[in-house]
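Participant:
2 protein chains.
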Amino acid sequence: MLHLHHYRLCPQSRGVRLLLAELKAETTLVDERPWEWSAERAALNPSGELPILVDQSKSVVIAGSYAIIEFLSDTNPVGSVLARDTLDRAEMRRIIDWYHGLCQRTVTGPLLEAKVYDRFRSQEKGAAPPDAGTLRTIRSNLRYQLRYLDHLTEQRNWLGGDALSAADFVAAGHVSVLDYLDEISWAEISSAKTWYARMKSRPAMRALLAERVPGAAAPPAYYADPDF
Amino acid sequence: MLHLHHYRLCPQSRGVRLLLAELKAETTLVDERPWEWSAERAALNPSGELPILVDQSKSVVIAGSYAIIEFLSDTNPVGSVLARDTLDRAEMRRIIDWYHGLCQRTVTGPLLEAKVYDRFRSQEKGAAPPDAGTLRTIRSNLRYQLRYLDHLTEQRNWLGGDALSAADFVAAGHVSVLDYLDEISWAEISSAKTWYARMKSRPAMRALLAERVPGAAAPPAYYADPDF
Chain R
7 MLHLHHYRLC PQSRGVRLLL AELKAETTLV DERPWEWSAE RAALNPSGEL
57 PILVDQSKSV VIAGSYAIIE FLSDTNPVGS VLARDTLDRA EMRRIIDWYH
107 GLCQRTVTGP LLEAKVYDRF RSQEKGAAPP DAGTLRTIRS NLRYQLRYLD
157 HLTEQRNWLG GDALSAADFV AAGHVSVLDY LDEISWAEIS SAKTWYARMK
207 SRPAMRALLA ERVPGAAAPP AYYADPDF
Chain B
7 MLHLHHYRLC PQSRGVRLLL AELKAETTLV DERPWEWSAE RAALNPSGEL
57 PILVDQSKSV VIAGSYAIIE FLSDTNPVGS VLARDTLDRA EMRRIIDWYH
107 GLCQRTVTGP LLEAKVYDRF RSQEKGAAPP DAGTLRTIRS NLRYQLRYLD
157 HLTEQRNWLG GDALSAADFV AAGHVSVLDY LDEISWAEIS SAKTWYARMK
207 SRPAMRALLA ERVPGAAAPP AYYADPDF
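Chains R and B are the protein sequences, given in the same order.
Heads up, the first sequence is in the working numbering, so the first residue is 7 and it goes up one at a time.
Heads up, the second sequence is in the working numbering, so the first residue is 7 and it goes up one at a time.
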């Protein structure tokens with residue numbers, strides 16, 4: 007039995023959860039609090055970053071979304087993780103890197119800090135509400151992210167190319183977190199919306215979208231609805 | 007013939023250059039200015055991030071260090087890119103991710119911004135010198151990075167395990183940039199120093215360390231010396 011150490015609103019954790027569910031890999035979820043340091047978590051992944059995939063015997067510990075996705079690709083060669091063609095694989099990895107790198111660094115990461123993690127920290131320290139200037143910068147970066155998603159989905163069947171791949175699940179991890187936080191204006195990005203409606207219809211995604219996150223504000227009413 | 011779009015002090019570019027040289031892949035370098043947006047670069051990699059590997063016909067464009075390293079692994083299965091064993095590969099990827107992620111985000115990235123990129127930008131805008139508080143935070147993160155490198159190299163022959171791999175070249179990319187910027191106190195980290203001395207002795211690394219970067223302050227005297 008596999009255990010996945012995750013946080014419900016961690017976009018990288020969501021991407022890997024969706025991928026594991028698509029591969030029908032039975033996984034027990036272990037909740038982590040990414041805004042707190044934990045000795046147990048650092049023992050599994052010294053960077054403290056989520057997700058972390060562990061088998062029951064602890065003889066297998068795969069730390070971080072990059073290593074997990076490539077591990078699932080190595081161990082499921084005919085699954086829907088990555089393409090078989092070398093150049094198609096490279097393009098899917100570019101998209102994965104786009105979300106793990108640029109989107110996480112300029113949008114999803116700072117937004118989670120400002121709207122969720124700081125809220126949990128403030129229960130001890132009494133922190134201030136999100137800074138208006140910080141939120142403005144993040145939202146400007148978000149508009150660029152959404153325009154690029156719309157541009158990609160205008161041109162392609164799936165984000166990495168013709169086939170559904172890990173790139174779609176990684177992107178859906180980020181998009182679903184941004185949507186939970188009510189930060190997406192879907193009316194302006196119709197191609198991205200059509201792609202996300204197809205993602206929302208998948209059983210793995212439906213289960214994930216049915217969850218609510220304790221301590222975070224409720225998502226918008228259409229959040230879990232594939233017909234939005 | 008391959009072209010690598012890079013910047014001489016970009017740690018990810020350096021890691022990939024070292025790997026290409028170890029694989030004896032003849033590559034022409036194309037200089038980029040990462041502190042400036044460029045339409046030509048965005049056409050090759052929409053995120054604008056370096057490095058980018060392009061063949062002469064432009065039928066192959068591999069964008070970003072993650073996709074390039076995995077592409078080199080896919081296309082050189084018996085080379086020294088990644089291990090063959092699945093769990094060893096996962097550990098090497100964890101180390102690569104450590105440098106691409108945590109080290110870049112908390113140390114190398116902000117240090118390059120403060121000490122190099124802002125300097126180029128300021129030639130147009132008249133920016134202020136590096137902020138003392140920012141540098142203090144970065145240097146505290148750097149001490150943690152160096153302690154972890156020392157810890158790993160105490161326990162292992164190479165960073166990813168028993169064998170030299172892409173993890174060592176990726177780490178050497180970051181370490182060599184930090185050393186160029188004269189930010190490393192080698193006396194306190196003897197295991198890391200021994201590992202880096204072995205890396206410095208490799209022909210690919212010697213060629214890289216012989217370069218100087220126009221517009222950046224000169225590196226310390228011992229920078230290129232394997233016996234430091």
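Glycine included, every Cβ here is placed at the ideal spot set by N, Cα and C.
List the residues of chain B that R/Val219 touches, going by C-beta distances under 9 Å, in chain order.
Facilitator: By one-based count along the first sequence, residue 219 of chain R stands at place 213. Under the 9 Å cutoff, chain B gives no residues; its nearest Cβ is about 24 Å from R/Val219.
Participant: Does the beta-carbon distance from R/Leu165 to R/Ile101 come in below 8 Å?
Facilitator: Here the question's residue 165 of chain R lines up with position 159 in the first sequence. Here the question's residue 101 of chain R lines up with position 95 in the first sequence. Yes, the Cβ-Cβ distance between R/Leu165 and R/Ile101 is below 8 Å.
Participant: Mind listing the chain B neighbours of R/Trp104? Cutoff is C-beta to C-beta under 7 Å, in chain order.
Facilitator: Within the first sequence, numbered from 1, the residue matching residue 104 of chain R stands at position 98. In chain order: Ser53.
Participant: Evaluate B/Pro135 with the Cβ neighbour count: other Cβ atoms within 10 Å of its Cβ, from every protein chain shown; 16 or more gives buried, anything less gives exposed.
Facilitator: As a first step, residue 135 of chain B is located in the second sequence; it is residue number 129 there, counting from the start. Result: exposed.
Participant: For R/Pro116, which of R/Gly167, R/Ser146, R/Tyr154 has the nearest alpha-carbon?
Facilitator: Within the first sequence, residue 116 of chain R is the residue found at index 110, counting from 1. Comparing Cα-Cα distances from R/Pro116 to each of R/Gly167, R/Ser146, R/Tyr154, the minimum goes to R/Ser146.
Participant: On the premise that B/Leu24 lies in contact with B/Ala210, defined as a C-beta separation below 8 Å, what is that separation, rounded to the nearest angstrom?
Facilitator: Taking the first residue of the second sequence as position 1, residue 210 of chain B is located at position 204. Taking the first residue of the second sequence as position 1, residue 24 of chain B is located at position 18. Confirmed, about 5 Å.
Participant: Can you give me the Cβ contacts of B/Gly179 inside the same chain, cut-off strictly under 6 Å, excluding the 5 residues immediately before and after it?
Facilitator: Residue mapping note: residue 179 of chain B aligns to position 173 of the second sequence, counting from 1. Once the five neighbours on either side are set aside, the close Cβ partners of B/Gly179 are Pro17, Arg20, Gly21.
Participant: Strictly under 8 Å for the Cβ-Cβ distance: is B/Phe77 near chain R by that measure?
Facilitator: Numbered from its first residue, the second sequence carries residue 77 of chain B at position 71. Answer yes: the Cβ-Cβ gap between B/Phe77 and chain R drops below 8 Å somewhere.
Participant: What does B/Ile68 touch in chain R if you count any residue whose Cβ is under 7 Å from its own?
Facilitator: Along the second sequence, read from residue 1 onward, the residue named residue 68 of chain B stands at position 62. Near B/Ile68 (Cβ distances below 7 Å), the residues of chain R are Ala96.
Participant: Determine contact between the region 110–126 of chain R and the region 87–99 of chain B, defined as no fewer than three beta-carbon pairs at a distance below 8 Å.
Facilitator: The region 110–126 of chain R is not in contact with the region 87–99 of chain B.
Participant: Just checking: is the beta-carbon of B/Asp80 within a distance shorter than 8 Å of some beta-carbon in chain R?
Facilitator: Counted from its first residue, the second sequence places residue 80 of chain B at position 74. Yes, contact with chain R.
Participant: Do three or more CB pairs link the region 101–111 of chain R to the region 165–175 of chain R at distances below 8 Å?
Facilitator: In short, these stretches touch, since the Cβ pair count reaches three.
Participant: Any C-beta of chain R sitting closer than 8 Å to the C-beta of B/Thr92?
Facilitator: Residue numbering aside, residue 92 of chain B sits at position 86 when the second sequence is read from its first letter. True, the Cβ-Cβ gap to chain R drops below 8 Å.
Participant: What is the DSSP secondary structure of R/Asp233, counted as helix, strand or coil?
Facilitator: Stepping through the first sequence from its first residue, residue 233 of chain R is reached at position 227. It is coil, neither helix nor strand.
Participant: Quick check on the burial criterion: 16 or more other C-beta atoms within 10 angstroms. Buried or exposed for B/Arg212?
Facilitator: As a working note, residue 212 of chain B is residue 206 in the second sequence. B/Arg212 is exposed by the Cβ-count criterion.
Participant: Determine, for R/Ala198, whether the minimum Cβ-Cβ distance to residues of chain B falls below 8 Å.
Facilitator: Here residue 198 of chain R is taken as the residue at index 192 of the first sequence, counted from 1. False, the Cβ-Cβ gap to chain B never drops below 8 Å.
Participant: Go through the region 86–147 of chain R residue by residue and report every complete run of the alpha helix (DSSP H) that reaches 4 residues or more, in order.
Facilitator: Entirely contained in the region 86–147 of chain R, the alpha helix (DSSP H) runs reaching 4 residues are, in chain order, 92–104, 115–118, 124–131.
Participant: Quick test of your reading: R/Ser182 and R/Leu215, contact by CB under 8 Å. State the CB separation rounded to the nearest angstrom.
Facilitator: In the first sequence, residue 182 of chain R corresponds to position 176, counting from 1. In the first sequence, residue 215 of chain R corresponds to position 209, counting from 1. Right, their Cβ atoms sit about 7 Å apart.
Participant: Roughly how far, in whole angstroms, is the beta-carbon of R/Val36 from the beta-carbon of R/Leu10, given that I think they are within contact range, below 8 Å?
Facilitator: Along the first sequence, one-based indexing puts residue 36 of chain R at 30. Along the first sequence, one-based indexing puts residue 10 of chain R at 4. Indeed, because the Cβ distance is near 7 Å, the residues count as touching under 8 Å.
Participant: Cβ closer than 9 Å: which chain R residues qualify as neighbours of B/Ala73?
Facilitator: For this step, residue 73 of chain B is matched to residue 67 along the second sequence. Neighbours of B/Ala73 on chain R, chain order: Arg95, Ala96, Glu97, Met98, Arg99, Arg100, Ile102, Asp103.
Participant: Return the chain-ordered list of same chain residues with a C-beta closer than 7 Å to the C-beta of B/Glu217, the five sequence neighbours on each side being excluded.
Facilitator: For this step, residue 217 of chain B is matched to residue 211 along the second sequence. So the qualifying residues of the chain are Arg14.
Participant: Per DSSP, B/Trp164 forms a beta bridge with which residues?
Facilitator: Reading the second sequence from its first residue, position 158 is the one you call residue 164 of chain B. B/Gly167.
Participant: Quick one: measure Cβ to Cβ for B/Ser197 and B/Thr159, integer angstroms, because I've assumed they're closer than 8 Å.
Facilitator: To locate residue 197 of chain B, count along the second sequence from 1; it is residue 191. To locate residue 159 of chain B, count along the second sequence from 1; it is residue 153. About 4 Å; that satisfies the 8 Å criterion.
Participant: Per DSSP, which one or two residues make a beta bridge with R/Val60?
Facilitator: To locate residue 60 of chain R, count along the first sequence from 1; it is residue 54. Answer by DSSP bridge pairing, in chain order: R/His9, R/Val67.
Participant: Please go through the same chain and pick out, in chain order, the residues whose beta-carbon is closer than 7 Å to the beta-carbon of B/Trp41, but skip the five residues on each side of it.
Facilitator: Against the second sequence, residue 41 of chain B aligns to sequence position 35. Only Tyr123, Phe126, Arg127 meet the Cβ criterion.
Participant: Does any residue of chain B have a CB that is nearer than 8 Å to the CB of R/Arg111?
Facilitator: Working through the first sequence from its first residue, we reach residue 111 of chain R at position 105. It does: the Cβ of R/Arg111 has a partner Cβ on chain B nearer than 8 Å.
Participant: Among R/Ser53, R/Gln129, R/Ala230, which residue has its Cα nearest to the Cα of R/Gly70?
Facilitator: Locating residue 70 of chain R in the first sequence gives position 64, counting from the first residue. Per the Cα distances, R/Ser53.
Participant: Would a check of beta-carbon distances place B/Gly107 closer than 8 Å to chain R?
Facilitator: Residue 107 of chain B sits at position 101 when you count from the first residue of the second sequence. With 8 Å as the cut-off, B/Gly107 counts as an interface residue toward chain R.
Participant: In this structure, how does DSSP classify B/Asp37 when only helix, strand and coil are distinguished?
Facilitator: Numbered from 1 along the second sequence, position 31 holds the residue referred to as residue 37 of chain B. The answer is strand: DSSP assigns B/Asp37 an E or B state.
Participant: What distance in whole Å lies between the Cβ atoms of R/Leu56 and R/Glu28, which are believed to be in contact at a cut-off of 8 Å?
Facilitator: Numbered from its first residue, the first sequence carries residue 28 of chain R at position 22. Numbered from its first residue, the first sequence carries residue 56 of chain R at position 50. Going by Cβ atoms, the distance from R/Glu28 to R/Leu56 rounds to 19 Å, so no, they are not a contact pair.
Participant: Where does the unbroken alpha helix (DSSP H) through R/Asp188 begin, and where does it stop?
Facilitator: Locating residue 188 of chain R in the first sequence gives position 182, where the first residue counts as 1. No alpha helix (DSSP H) holds R/Asp188; DSSP gives it neither H nor E.
Participant: Measuring alpha carbon to alpha carbon, tell me which of R/Asp156, R/Tyr154, R/Leu155, R/Glu119 ends up nearest R/Leu141.
Facilitator: Stepping through the first sequence from its first residue, residue 141 of chain R is reached at position 135. Here the closest residue by C-alpha is R/Glu119.
Participant: Tell whether a beta-carbon distance below 8 Å holds between B/Ala203 and B/Pro226.
Facilitator: Here the question's residue 203 of chain B lines up with position 197 in the second sequence. Here the question's residue 226 of chain B lines up with position 220 in the second sequence. No, Cβ-Cβ distance for B/Ala203 and B/Pro226 is not below 8 Å.
Participant: What's the call for B/Ser73, buried or exposed, on a 16-neighbour Cβ count within 10 Å?
Facilitator: By 1-based counting over the second sequence, the position of residue 73 of chain B is 67. Here the sequence assigns Ala to residue 73 of chain B, which means Ser is not the residue at that position. It counts as buried.
Participant: For B/Asp94, I'd like the list of residues in its chain whose CB is within less than 6 Å of its CB, leaving aside the five on either flank, ordered along the chain.
Facilitator: The residue given as residue 94 of chain B occupies position 88 in the second sequence. Gly167.
Participant: Can you list the residues of chain B that R/Tyr154 reaches, using a CB-CB cut of under 8 Å?
Facilitator: As a position in the first sequence, residue 154 of chain R is number 148, starting the count at 1. Pro52, listed in chain order.
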